[in-house]
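Working notes, beginning with the structure itself.
There are 2 protein chains.
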Amino acid sequence: MTEKRLNQALATLKESGVRITPQRHAVLEYLINSMTHPTADDIYKALENKFPNMSVATVYNNLRVLREIGLVRELTYGDSSSRFDCNMTDHYHIICNSCGKIVDFHYPTLDEVEALAEQVTGFEVSHHRMEIYGTCNECQKVESKNH
Amino acid sequence: MTEKRLNQALATLKESGVRITPQRHAVLEYLINSMTHPTADDIYKALENKFPNMSVATVYNNLRVLREIGLVRELTYGDSSSRFDCNMTDHYHIICNSCGKIVDFHYPTLDEVEALAEQVTGFEVSHHRMEIYGTCNECQKVESKNH
DNA sequence: ACACTGATTATAAACATTACAAAGTAATAA
DNA sequence: TTATTACTTTGTAATGTTTATAATCAGTGT
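Protein chains in written order, with the numbering used here: chain H, 726 to 872; chain S, 726 to 872.
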């Protein structure tokens, strides 16, 4: 599964004329295998065994490159640091208010909202983002225990 | 219009037992009169004539207080700093990719999405956020001129 | 082998935000 | 009124994320 996605992503890199360095490969691979929408620092820490000399700047540089060629999406929520997601299929996120967990969920794209926004505002719409917030199953249980 | 909203907001502050200091009053008043979803620094700069000795920390403190009692919403987009919005009626935002302008627009709340997300993920949903991105009228004109 | 381009590293800098302690101000109780 | 208390502001330091810079390194092509 992820093997296939990794190869596709590497092919995209080649097409874009971007070098596939060991560090870049590792960042991409980690993102594809990760289900947790990690921060730059998460990635840095996760790879420091494999690349003890890797610089944080390298992580940021590679995330920028991957974002620019459309392999990775940058998610900015209220908290201090960005999160990165390389699942580029159309999907939305639901985020736990309590533990911060981010879960993917699918819903038909909100085309009507985009269309109406164009009409009302005169903007030429490119895309939209939506997140839902709530309490996840685990945190619901914890809360009910404490009452 | 804004006069009325300001008085309502001040009443809410009193009910919550929060002191109405000159600085707090000024931050709130600026937010209510502002249509531009300013950053903390925008507010700080805008008020430095009136309060030459005001500290940035005061702006942040007051924004936090106003947020906690539900008078102000904090908006976090991709850029580095948060923006603050005291229009608490249900509305969404459309943001210009080019100049960063933020425009309000109204659309019926996406209740079905929330309901489906609850079913699929088991989360207990509290709220959601959605923004639309595109190019505003002015920036469209500029772009077409350059071609 | 050599030059060229891009990538990485290490470090410094920028920036927004928060933490903290001291001084100030308003509200309350004696 | 005075004392006490709680809250606010101020100024500054600290934190944390991200970006910029310069030097080094690696791979490619001539």
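Beta carbons are placed, not taken as given, at the ideal position from N, Cα and C, and that holds for glycine.
Exposed or buried, what is valine 867/S when buried is set at 16 or more other beta-carbons lying within 10 Å of its beta-carbon? Counted from its first residue, the second sequence places residue 867/S at position 142. So valine 867/S counts as exposed.
Any Cβ of chain S within less than 9 Å of the Cβ of glutamate 740/H? The residue you call residue 740/H lines up with position 15 of the first sequence. Any Cβ of chain S closer than 9 Å to the Cβ of glutamate 740/H would place that residue at the interface, and such an atom is absent.
By DSSP, does isoleucine 768/S sit in helix, in strand, or in coil? On the second sequence, residue 768/S is found 43 positions in, with the first residue counted as 1. Of the three classes helix, strand and coil, the one that applies to isoleucine 768/S here is helix, per DSSP.
For arginine 744/H, name the three-state secondary structure that DSSP assigns. Looking up residue 744/H in the first sequence gives position 19. Taken through DSSP and simplified to helix, strand or coil, arginine 744/H comes out as coil.
Is cysteine 811/H close to the ligand PLP? I mean its beta-carbon at under 8 Å from any heavy atom of the ligand. The ligand PLP is not part of the structure shown, which contains no ligands of any sort.
What residue range is occupied by the uninterrupted beta strand (DSSP E) comprising aspartate 829/H? Your numbering for residue 829/H matches position 104 in the first sequence. According to the DSSP assignment, aspartate 829/H belongs to the beta strand (DSSP E) that extends over 827 to 830.
Below 8 Å CB to CB, which residues in the same chain sit around serine 806/S once its five sequence neighbours on both sides are set aside? Sequence index remark: in the second sequence, residue 806/S carries index 81 (1-based). Around serine 806/S: Thr764, Ala765 and Asp766.
Return no unless some Cβ of chain H is closer than 9 Å to the Cβ of glycine 795/S. Locating residue 795/S in the second sequence gives position 70, counting from the first residue. Chain H, which has no Cβ nearer than 9 Å to the Cβ of glycine 795/S, makes this no.
Which residue wins for smallest C-alpha separation from isoleucine 794/H, given the options Leu731/H, Leu738/H and Met855/H? One-based indexing of the first sequence puts residue 794/H at position 69. Nearest of Leu731/H, Leu738/H and Met855/H to isoleucine 794/H, Cα basis: Leu738/H.
Taking arginine 730/H as the reference, give the member of Glu839/H, Pro777/H, Ser759/H and Gln844/H with the closest Cα. Residue numbering aside, residue 730/H sits at position 5 when the first sequence is read from its first letter. Taking only the C-alpha atoms, the option nearest arginine 730/H is Ser759/H.
Near-chain S residues of the segment 840 to 855 of chain H (beta-carbon distance less than 7 Å), N- to C-terminal order: Residues passing the 7 Å Cβ filter: Leu841, Ala842, Val845, Thr846, Gly847, Phe848, Glu849, Val850, Ser851, His852, His853, Arg854 and Met855.
Any beta carbon of chain H sitting closer than 9 Å to that of valine 828/S? The residue you call residue 828/S lines up with position 103 of the second sequence. Yes - at least one Cβ of chain H is within 9 Å of the one on valine 828/S.
Run through chain S and tell me which residues come within less than 7 Å of glycine 859/H, C-beta to C-beta. By one-based count along the first sequence, residue 859/H stands at place 134. Phe848, Glu849, Val850 and Ser851, listed in chain order.
Within 9 Å, strictly: CB atoms of arginine 808/H and threonine 814/H: By 1-based counting over the first sequence, the position of residue 808/H is 83. By 1-based counting over the first sequence, the position of residue 814/H is 89. Taking 9 Å as the Cβ cut-off, arginine 808/H and threonine 814/H do not qualify as a contacting pair.
Just to confirm the assignment, what range does the alpha helix (DSSP H) spanning leucine 796/S have? Counting from one through the second sequence, the residue named residue 796/S turns up at place 71. Note, leucine 796/S: premise wrong, no alpha helix (DSSP H); not H, not E.
Opposing strand residues paired with arginine 854/H [DSSP bridges]: To locate residue 854/H, count along the first sequence from 1; it is residue 129. Paired residues: Glu856/S.
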